[in-house]
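A short worksheet on the structure shown next.
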Ligand code: KE4
């Protein structure tokens with residue numbers, strides 16, 4: 002079997018940085034990425050036959066763990082009928098009905114193939130609907146890699162020190178206003194300075210791409226009020242939090258009704274997917290009904306829909322959110338108590354099955370405070386955990402994820418490793 006090292010050497014010849022997505026490159030934590038040959042439940046098996054407890058969960062989709070038998074069967078059954086038709090198919094209708102059922106703010110929904118497509122399309126729709134050009138996003142929030150949104154972006158862009166990507170024309174960037182998250186006065190000032198010009202505000206209602214950051218009490222309600230007051234649209238990017246924080250995402254947990262919502266990850270059951278939806282009067286501006294064009298060869302792909310439907314129905318049947326929160330608290334409390342015993346400054350924000358670890362004594366509430374986390378200590382901690390069989394996100398600016406498969410031996414083993422790793426710092 003070819004080792005990770007051999008595979009990476011070959012990959013480096015043909016794939017930029019040897020990876021098909023920058024955050025996988027381990028550049029901020031040092032060393033070379035491992036290659037995975039199989040995954041099941043909470044575990045990854047690398048090309049070097051190392052078995053790892055996985056807290057990345059393919060960046061969110063694997064809420065039921067990897068290779069879940071029910072999802073696997075759903076894909077196999079769909080595969081019997083073909084892989085892609087390029088026509089409407091029954092799965093798309095069932096997926097739309099499930100999304101609308103779980104997200105009451107979504108009256109109509111359009112499927113696409115990634116979270117990037119979902120947010121890019123939602124922004125275009127907001128601009129077309131309001132006939133305004135400017136948008137507001139928040140520093141550290143990552144909404145995929147479309148030009149209007151790669152401004153002060155989080156995730157891999159922040160990890161690699163390029164929150165503002167090259168290749169985005171200044172004329173595009175100037176239409177994107179970037180504000181600090183959790184700052185109501187900055188919002189007031191932006192709307193006052195740009196009267197009648199702001200099409201929308203797009204936000205990760207719980208941030209998962211600058212580490213994990215939750216909103217101050219009342220902040221999301223403030224976003225809702227100020228966008229309504231100025232006839233701008235509020236877009237919740239729930240690509241990561243949708244079906245993760247709650248069946249109905251953050252908007253269910255916080256009782257906020259956004260105008261548009263972006264989804265992805267979990268709704269594809271591990272296959273490529275994205276979706277955006279919201280008020281029917283807005284969504285009906287999309288082609289073929291309206292003037293805002295959006296399309297995709299593989300949008301609503303039957304295999305991805307079948308996998309996603311199985312994943313959502315498992316959530317509906319199991320309702321695992323209390324169990325996931327218990328697992329998240331167990332991880333959080335283990336790390337906090339080990340750090341306290343060692344006298345290490347640490348923050349471990351956690352909600353349900355999302356968490357992150359910042360090595361700082363400053364409570365993290367936005368991009369600026371997230372940067373106070375010591376990335377060098379994080380890298381040392383990451384490496385020690387990996388050497389002992391626990392895989393955390395390879396960046397201080399990502400969220401970690403648990404799945405229902407982490408319950409039992411996986412979380413027990415992981416807590417032992419995390420606790421021991423803290424003690425080595
Ligand atoms: P994709 O285009 O990667 O499917 O989705 C973009 C996106 C949009 N919105 C949010 C809130 C997201 O978290 C993402 C993608 N998340 C990153 C992980 N932080 C994907 C991992 C990667 O870039 O390889």
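Numbering (my numbering), first residue to last: 2 to 426.
We treat Cβ as the ideally placed atom computed from N, Cα and C, and that holds for glycine.
None of the values given here were measured: they were computed from a predicted structure.
Cβ of residue 205 within 6 angstroms of any heavy atom in the ligand KE4? yes
Discussion item. Three or more C-beta pairs under 8 angstroms: does that hold for the stretch 377 to 395 against the stretch 289 to 305?
Written reply: no
| field | C-alpha gap between residue 224 and residue 202, whole angstroms | value | 8 angstroms
Could you name the residues that DSSP lists as bridge partners for residue 391?
54
Is the distance from the Cβ of residue 351 to the Cβ of residue 333 below 7 angstroms? yes
Query raised in the report: So what's residue 284 in DSSP terms, helix, strand or just coil?
Result: helix
Are at least three pairs of beta-carbons, each pair with one atom in the stretch 77 to 93 and one in the stretch 259 to 268, less than 8 angstroms apart? no
Just list the residues that DSSP pairs residue 178 with in beta bridges.
137
| task | Enumerate in chain order the residues of its own chain whose CB-to-CB distance from residue 344 is below 7 angstroms, with the five nearest sequence positions on each side excluded. | result | none
Among 99, 243, 73 and 49, which residue has its Cα nearest to the Cα of residue 119? 243
Please classify residue 116: is it buried, with 16 or more other beta-carbons within 10 angstroms of its beta-carbon, or exposed? buried
- Query: Hey, residue 139 and residue 182: beta-carbon distance below 7 angstroms or not?
  - Reply: yes
Self-check item: Residue of 422, 65 and 354 minimising C-alpha distance to residue 314
Solution: 65
For residue 400, does the count of other Cβ atoms within 10 angstroms reach 16, so buried, or fall short, so exposed? buried
Does the stretch 14 to 30 come into contact with the stretch 42 to 52, if we say contact requires no fewer than three beta-carbon pairs (one atom in each stretch) closer than 8 angstroms? no
- request: My understanding is that residue 109 touches residue 276, with C-beta atoms under 8 angstroms, so please give their C-beta distance in whole angstroms.
  value: Not really, about 11 angstroms apart at Cβ, beyond 8 angstroms.
Starting from residue 47, follow its DSSP beta bridges and name the residues at the other end.
37
For the ligand FAD, is there a heavy atom less than 6 angstroms away from the beta-carbon of residue 161? The ligand FAD is absent from the structure shown, which contains only the ligand KE4.
**Message:** Closest to residue 392 by C-alpha separation, out of 4, 9 and 51, would be which residue?
**Reply:** 51
query = In or out: residue 288 buried (at least 16 other Cβ within 10 Å) or exposed?
reply = exposed
- Hey, is residue 306 close to the ligand KE4, as in C-beta under 6 angstroms from one of its heavy atoms? no
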